[in-house]
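Note that the numbering used here has the sequence shown beginning at 1, numbered continuously upward. Shown next, in structure tokens, is the structure this report addresses.
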Amino acid sequence: MTTLLPDNIAQGEPARLIPVGSESNKERKATSTLLAVFTGVPDYAQNMLSIAGAKINSRSKIECFTEIVFKDKSGKPLKMKDSDRPDGLIVITNGKNTWTALIEAKIGKAELNGDQIERYLDLAKLHKIDAVITISNQYSNIPTHHPVKVNGQKTRSVGLYHWSWKALLTEAVLHTDDNEDHKDITDPTQRYILQEFTRFLKHESTGVNTLTQMSKAWAEICSEGGLEKKNEDTLEAINSWHDLNRELSLELSERLGINVQRSIPRKYLNDKNGYVNMVKDDATSLHTDGSVSSTFIIKDAASPLTLTANVKEKYITASMTLRSPKDAKTARGAISWLTKQLKDIELSNVHVTAGYAGRNTNKTSTLESIMTMGHEVLNDDVKNIPHSFEVYTKQNLRLSDIKGVRKFVEITRDSLLNYYQEVGQNLKKAPVIAPKMSETKETEAPNY
């Protein structure tokens, strides 16, 4: 089967699932393999390309090319430096409509370059290409966020989007993990292709890296006396915190077999500069309260899962909050409902906060104390029924744990994953009680 090049392309090769060429060019090999998977597994391509506005259905034709060279005005190959040649081109045809995107990929420790991306945006505009998609081991923390700052004028007519290799890997895993909550690839050939692609990305020689350390700025702002107020370092440190949480959301997704997303307030999602504002707000929180938090949405879990790092007081917490059962007649009944869910937990750092109406009335105790001493440690009045329970683990840290850019990542990852495995997945929502009709007395029919 011969694949025709688009009219504006002078040279190019169809993306190959098993590319040949220099072993040293990992980026070209990884890009070619990815784009070949897109052509062979349309559902996977649809999930990834939907963020860029591409529409793919059963009748869509997906064509992908590498080593492309555009035509100049005379129709001859456009002369340009190798560094200015995009790594790939995606062409999606739906009837008479065509959607196209340039691909620029980095792998290993290589990072994207703003000037290079802007040249690709100019190239895309010149040739009426809809989008530029970058790929690297850097993270995009919300859909409107790109990890590299570019001139906003360049993206007025061309969309700019980003994937991390980790996100591509996670989506491939979810499509082949037999979990009923995610649309799996059932065609045996497509499934095999995607499984082999997963195996390829997971191999250490490919250059797909997971986040293993915080930025140096994270260590710079932490000090024995509190937080150093260095504006640029603080913003970079917050970016590092967000990257860590994006990594954790992808790791949770792979382990649970469902998409786990961070909960991002709508005011940031609906704003072109939303990510910049989110970073600034988190920086303010860090200097005001000494802490930063992230919340993860896990389908069918008892509640969202919140991760907090308190740099000033040196601890990490992972927590979930449950509403108290509405049919509880006493505080003892409500607390017993919770402790039954926690009776098999052996972690020593689990705490429970019972929430009550009124100011300064909440009570906190360790799970161990509740189990040995009874509900009284969370309640002074059995008729005062708690309206909610926060169940959390608290990991105390040394300053060296916080400033250690690798150590902090290890501790944070372990705190979150251990909490969900030991506590979070065992928690259940209070049962919903159906509304009941009020009893009304029968009245005699009036006499007329």
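The beta-carbon is built from N, C-alpha and C at its ideal position, and this holds for glycine as well. Keep in mind that this is a model prediction, so the values were computed, not measured.
With the rule of 3 Cβ pairs closer than 8 Å, the region 258-265 does not count as touching the region 388-398. Residue pairing by DSSP places K109 opposite no residue, since no beta bridge is assigned to it. Its Cα nearest to that of Y419, the residue L305 stands out among G290, L305 and N94.
The alpha-carbon of L378 is positioned some 36 Å away from that of S223.
Where S32 is concerned, the enclosing alpha helix (DSSP H) starts and stops at K26 to G40. DSSP places L235 in the helix class (H, G or I) of the three-state scheme. Judged by their CB atoms, I62 and I56 are nearer to each other than the 8 Å cut-off. In this structure, L211 and V409 form a Cβ contact; the two beta carbons are roughly 7 Å apart against a cut-off of 8 Å.
Following the DSSP letters along the chain, one finds V352 inside the beta strand (DSSP E) bounded by residues V350 to G355. Secondary structure at L427: coil, using DSSP grouped into helix, strand and coil. An exposed status is given to H387, since fewer than 16 other beta-carbon atoms sit within 10 Å of its beta-carbon. In the DSSP assignment, E171 falls outside any beta strand (DSSP E) and within the unbroken alpha helix (DSSP H) covering W165 to L174. Per the C-alpha coordinates, the member of L4, I335 and I9 positioned closest to K128 is I9. Taking C-beta atoms as the reference points, S324 and A309 fail to come closer than 8 Å. Of the residues R413, S136, K125 and S319, the one whose Cα lies closest to the Cα of V208 is S136. Minimum Cα-Cα distance from L34 among the listed residues L5, T98 and I107 corresponds to I107. Listed in chain order, the beta strand (DSSP E) elements of length 3 or more contained wholly in the region 216-300 are 291-297. For G88, the beta-bridge partners assigned by DSSP are T66 and I103. Per the DSSP secondary-structure output, G159 pairs in a beta bridge with A131.
Secondary structure at T330: coil, using DSSP grouped into helix, strand and coil.
Using a C-beta cut-off of 8 Å, the region 37-46 makes no contact with the region 103-123, since fewer than three inter-stretch Cβ pairs fall below that distance. Around the Cβ of M437, a 10 Å sphere holds fewer than 16 other Cβ atoms; the residue is exposed. Taking 8 Å as the cut-off, the beta carbon of L112 is found no closer than this to the beta carbon of P86. As far as DSSP is concerned, V20 takes part in no beta bridge.
Q153 sits exposed, since fewer than 16 C-beta atoms from the chains shown fall within 10 Å of its C-beta.
Buried is the label assigned to V158, since at least 16 other Cβ atoms lie within 10 Å of its Cβ. E422 is a Cβ neighbour of L347, given a cutoff of 8 Å. Listed as beta-bridge partners of T186 by DSSP are no residues whatsoever. Between Y192 and F200, the alpha-carbon positions lie close to 12 Å from each other. The secondary-structure analysis by DSSP pairs Q195 with nothing; it has no beta-bridge partner. For the pair I51 and P143, the CB atoms are nearer than the 8 Å cut-off.
Comparing C-alpha distances from E232 to each of L5, V276 and V260 shows the shortest one belongs to V276. Pairing V260 with F296 gives a Cβ-Cβ distance under 8 Å.
Within a 10 Å sphere around the beta-carbon of D414 sit fewer than 16 other beta-carbons, which makes this residue exposed. Bounds of any alpha helix (DSSP H) do not take in T321; it lies within the beta strand (DSSP E) bounded by Y315 to R323. About 5 Å separates the Cβ atoms of K29 and P19, confirming a contact at the 8 Å cut-off.
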